[in-house]
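Asker: Chains as they are written, first to last, in my numbering: chain P, 1 to 296; chain L, 1001 to 1350; chain U, 2001 to 2441.
No residue lacks a Cβ here, since even glycine has one placed at the ideal position from N, Cα and C.
Quick caveat: nothing in here was measured; it's all calculated off a predicted structure.
One structure is given below, represented as structure tokens, and several questions about it will come after.
Take a look at the structure:
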């Protein structure tokens, strides 16, 4: 029973990280109709930024996070303006290939700037370890939960009260109407990329604090796509719930099935992709996604 | 397509022919002659490069049928190649089958796996379908690792050199000829497929699948057929790749290659056989240049570390895709047609 | 969009031209070197300068990026040293290199993909390289048969057991992974008995999910452990570079009462694993007593600076000396860094490996040159007169014993060093003889 509960709790923490990455994806998709495969690379860059500010520049945690957010805002804005803007109205394939290419470039830049090295900053972030009886709750779960709640609350406030947030929601609804009332859609696009970048970078700092950062850390973005699909690609609440579901299922499945498999494991790596196939066959629009009706 | 004056099409057959003038026939024959005599005067290095290009051409032609003609985007092509490669490797290495028997089986197996993962394509498209093919890539690789007893798992599998009619294909030149013969057949088949009922159905599905269905195109069977044909190509290419290196390993079929094959299609021009070939040649040359550029850059500018030079290849790869998507979304083949038209109409074209 | 067209055409043309120039440049340079060597064959006087190539494939992007960059730097600095001083090491003043010989390092980034490694290998071979180096296990497995066909000897620090099965042309400077694990098992058993335990210790593999990690998972290894008096529990695999902590695998160990884990991981794998283990209260001095053993790719010289006292009790087998050890090899490495890269020094321990591999390659070439003029050397000569004749070769006491190679002996060292983290520093806790676990046919 302890084993099971421990798996569930760890899975929960994992799910929160997936959810954070998925939220970034959903924001961009909602506001600018672009599928951003490079979200995992934002996370990786975030991890490296965390290392740079926390270890190299030896800044306090709050300053590091602020500095990383500042970099993320600039990065998001530049990416949108330079690469995605020319593709407005292009096919899905073009946009996906563009973001994949962006991901490759970001990986190259990370190798160029940080030497592709494994950087760890164990102990630089505050570690909160909560112990309840037999099992302990991992710090990334707690930090993940706290940061996710903060991010979601901030986004909720933004979308509900801020003028720009309202404009973003309106843009998600109908671009042409929005333009006709005098809202500049292009700047909405830029802002959505900035927000997604910030969310990605923040989750990167958390992840980096837990297990260190390396270029191949960006693979976590591919796994988060399963979360996006399960939650329904345009629902933030769905992303959070799906993140938890997948995190827990993945961990429990790996815990019990790995020893039974002929070559002894690796199920956790492929589990999200099996979920993708199942979701696509039985519920293509996810748990909370909008079903779109096509006309000829 | 514009023809020189004085050429008249008097029948439908003539109008549909791929090669319509004597000149085109002569050019084709010269090209084939040059291609098949290459081993006589090329270095080992060029042979390796050309063989790799040939294998990629086969794979990308398959992707072109699936994505370029039928509109079903696949980001799991390297996974399907892995199926073909491993089936062929296991048949020859574990069961002692001859190469000529294993090659079609590899294609067939990849085709069947393609149908399996193509099944969701009836319900979904666009981003969702892309995700299904991405999942296919990772699931296939994982399954290969699981069946360690047959596939060698992470250790890879040593594959015997292919043998045809009692002759062991050992030299680079001989393998090049084998690949080129298959690549030419593949090109011929791909070029003709588009002009059949099936090919027209594919294009109809690509342009508007709902409209195609209304016109009486059976979506399920044609989409699955596209997956089958596309993946047979991938399987054959995978088999050739594995036998070329006499070794099968999952790292030879990374997800990055799936992306890179799609990039070749974009750079060359979607929905065009010539475009696929253009794309492969350009990006393979770029790859090669990047491998050479690393040491060259590091030697020329000792201040930058070798690793920085190597990382530029990653950046370049991304940048090429970005540049083509923004400035030349229709691919090189479009530019090629424009250039041809320019010279044909010269001096009236300015 | 219109205004971009000319820009586009120009940039595309430039790109194409760049590709062509680069490709042709390389072609030219190869032909030039080829003519140099042929012209020098006609005049077999000692004065004619000859360039010999060392190096091989390096994975400068990907999971081994950091290690390989350091190895390459070691190669380059060492080649400069030999070219300047014409001896192969300060402690080997008798092993001189003729002054007409210059060494050049050739390399290519294989991105940790076997097919790229094969292509680069073909390329380097065609440029006239007579030796090769292996990045890691997947490349080694892919290149093994090719190397034998061409009779080219290669150096490596990756030591997959399968390198032992004939043909043996990959020469390692670390013990084979299974021999490392066997030594760790012996060491642990002594501790276990000394601590007064009477029951059988329970052992499991906790290893990377790659050819590196899975290399130790062979029947002979398990049989040997059981023969020693262990109870073998099972295997748990951690991704090569985990994106999330391997909690599941560690909990399984706890659930199965494992006392000792054996495995091969690189630092991006071992660091998060140990960090998570400490959090779960697992370690030699924590509530749940367990000892983690990793093979040498988890270099403590990298591990300790990052982990500090968090890593107390972790054992790494078969590695080089600590970076502050007082041995000639480390002094030599520091001297090379002061001399050739005073501004960007490399702190990674694999720099030492680069020096050792380059030294081994050059020693093989030097030995072969004693038998044949440098301009007539073939790869086979370097293998037979070179690598096979390397005997009791001191690489500055960086490795635990001097290196000896020969037909049937590709494992250079004959002992396994065992190091442990104690109070945040590396402590050598013992050395054990090789047990030659892997039995090839």
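Using DSSP's beta-bridge definition, name the partner residues of residue 2409 of chain U.
Answerer: U:2406
Asker: With distance defined between alpha-carbon atoms, name the residue in U:2389, U:2264, U:2186 and U:2370 nearest to residue 2240 of chain U.
Answerer: U:2264
Asker: Does any residue of chain L bring its CB to less than 8 Å from the CB of residue 2057 of chain U?
Answerer: Closer than 8 Å: no.
Asker: Anything in chain P within Cβ reach of residue 2268 of chain U, meaning under 7 Å, just list it in chain order.
Answerer: What residue 2268 of chain U touches in chain P: 118, 212 and 214.
Asker: At what residues does the alpha helix (DSSP H) containing residue 202 of chain P begin and finish?
Answerer: 185-211 is the span of the alpha helix (DSSP H), which, as asked, contains residue 202 of chain P.
Asker: Roughly how many angstroms lie between the CA atoms of residue 2401 of chain U and residue 2172 of chain U, to the nearest whole one?
Answerer: 13 Å
Asker: For the pair the segment 264-273 of chain P and the segment 26-35 of chain P, tell me if three or more CB-CB distances fall below 8 Å.
Answerer: No: the two stretches stay apart, fewer than three of their Cβ pairs being nearer than 8 Å.
Asker: Assign residue 119 of chain P to one of three DSSP states: helix, strand, or coil.
Answerer: strand
Asker: For chain U, find out if any of its Cβ atoms is closer than 8 Å to the Cβ of residue 1144 of chain L; answer yes or no.
Answerer: With 8 Å as the cut-off, residue 1144 of chain L does not count as an interface residue toward chain U.
Asker: Where do the ends of the beta strand (DSSP E) carrying residue 67 of chain P lie?
Answerer: Element bounds for residue 67 of chain P: not the beta strand (DSSP E) but the alpha helix (DSSP H), 61-79.
Asker: Run through chain L and tell me which residues come within less than 8 Å of residue 2214 of chain U, C-beta to C-beta.
Answerer: Those are 1153, 1154 and 1155, listed as they occur along chain L.
Asker: Between the segment 1036-1043 of chain L and the segment 1172-1184 of chain L, do three or more beta carbon pairs fall short of 8 Å?
Answerer: At 8 Å Cβ cutoff, the stretches touch.
Asker: Taking the alpha-carbon positions, what's the residue 2214 of chain U to residue 2134 of chain U distance?
Answerer: 18 Å
Asker: Count Cβ pairs between the segment 2421-2440 of chain U and the segment 2372-2391 of chain U that sit closer than 8 Å; are there 3 or more?
Answerer: no
Asker: Please compile the residues from chain U whose C-beta is within a distance smaller than 9 Å of the C-beta of residue 1294 of chain L.
Answerer: 2060, 2107, 2108 and 2109
Asker: Work out the CA separation of residue 34 of chain P and residue 95 of chain P for me, nearest whole Å.
Answerer: 6 Å
Asker: Using CA coordinates, which residue listed in L:1260, L:1151, L:1130 and L:1327 is at the minimum distance from residue 1287 of chain L?
Answerer: The shortest C-alpha separation from residue 1287 of chain L is found at L:1260.
Asker: Let's test the definition: count the other Cβ atoms within 10 Å of the Cβ of residue 1345 of chain L and tell me whether it reaches 16, buried, or not, exposed.
Answerer: exposed
Asker: So which residues of chain L does residue 87 of chain P contact, with C-beta pairs closer than 8 Å?
Answerer: For residue 87 of chain P, the residues of chain L that pass the 8 Å Cβ criterion are 1325 and 1326, in the order they occur in the chain.
Asker: Can you give me, in chain order, the residues of the segment 237-263 of chain P that have a beta carbon less than 7 Å from any beta carbon in chain A?
Answerer: The structure shown contains no chain A; its protein chains are P, L and U.
Asker: Do residue 2131 of chain U and residue 2410 of chain U count as a contact pair if the criterion is CB distance below 8 Å?
Answerer: no
Asker: When you compare the CB of residue 2399 of chain U with every CB in chain L, is at least one pair closer than 8 Å?
Answerer: no
Asker: List the endpoints of the continuous beta strand (DSSP E) containing residue 2203 of chain U.
Answerer: 2202-2208
Asker: Under 8 Å between beta-carbons, which chain U residues line up against residue 14 of chain P? List them in chain order, please.
Answerer: Under the 8 Å cutoff, chain U gives 2244.
Asker: Interface residues of chain P around residue 1302 of chain L at Cβ under 7 Å?
Answerer: Simply none; closest approach about 16 Å.
Asker: So that I know if they touch, is there some Cβ in chain U lying closer than 8 Å to that of residue 208 of chain P?
Answerer: no
Asker: Taking its Cβ as the centre, do 16 or more other Cβ atoms sit within 10 Å of residue 1218 of chain L, making it buried, or is it exposed?
Answerer: exposed
Asker: With a CB to CB cut of under 6 Å and the five nearest residues on each side skipped, what residues in its chain are close to residue 1309 of chain L?
Answerer: Hits under 6 Å: 1294, 1297 and 1298.
Asker: So is residue 2044 of chain U in contact with chain L if we call contact Cβ pairs under 8 Å?
Answerer: Confidence is the limiting factor: at residue 2044 of chain U the pLDDT is only 44, short of 50, which leaves the residue's position unreliable, though a coordinate-based value still follows. Not one chain L Cβ lies under 8 Å of residue 2044 of chain U.
Asker: Taking the alpha-carbon positions, what's the residue 1057 of chain L to residue 2097 of chain U distance?
Answerer: 48 Å
Asker: Can you find the residues in the same chain that come closer than 8 Å, C-beta to C-beta, to residue 253 of chain P, ignoring five residues on each side of it along the sequence?
Answerer: Contacts found: 267, 268 and 271.
Asker: For a contact meaning CB atoms closer than 7 Å, what does residue 2138 of chain U contact in chain P?
Answerer: Neighbours of residue 2138 of chain U on chain P: none; closest Cβ ~15 Å, over 7 Å.
Asker: Are the CB atoms of residue 42 of chain P and residue 210 of chain P nearer to each other than 8 Å?
Answerer: Going by beta carbons, residue 42 of chain P and residue 210 of chain P fall outside the 8 Å limit.
Asker: Does residue 1058 of chain L get closer than 8 Å to chain U when you measure Cβ to Cβ?
Answerer: It does not: the Cβ of residue 1058 of chain L has no partner Cβ on chain U nearer than 8 Å.
Asker: Residue 1324 of chain L: beta carbon under 7 Å from a heavy atom of the ligand ATP?
Answerer: The ligand ATP is absent from the structure shown, which contains no ligand whatsoever.
Asker: Got a sec: is the Cβ-Cβ distance from residue 291 of chain P to anything in chain L below 8 Å?
Answerer: no
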